[in-house]
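Step one of this worksheet: look at the structure below.
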Amino acid sequence: HVTNIWIGLKNIQSIFWKQVLVTNHFLFQRLLLFSIQMFIEIAVKYVV
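Everything in the sequence shown is counted per full-length UniProt numbering, starting at 1 for the first residue and increasing by one.
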C-alpha cells in the first residue's frame, strides 16, 4: 500500500512540474517578445 501511495505522489509531482514548465515557457516567450518589441521601438527612435 505504501508503494502505491509513493507512486501516486510521484505521478502528481511529475504532472505538476510539467504544468509549471509549460506555464513558465509561455511566460518566458511573452516576456521575450515584449523585450524585443521594446528594443525595436527604442532602436527606431534613436535611428530616426
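Note that the Cβ used here is the ideal one computed from N, Cα and C, for glycine as well.
None of the values given here were measured: they were computed from a predicted structure.
State the DSSP-derived secondary structure class of residue i, mapped to helix, strand or coil.
| i | result |
| --- | --- |
| Val48 | coil |
| His1 | coil |
I'd like to know whether the C-beta of residue i is nearer than 8 Å to at least one C-beta of chain D.
| i | result |
| --- | --- |
| Phe28 | Included in the structure is just one protein chain, with no chain D present. |
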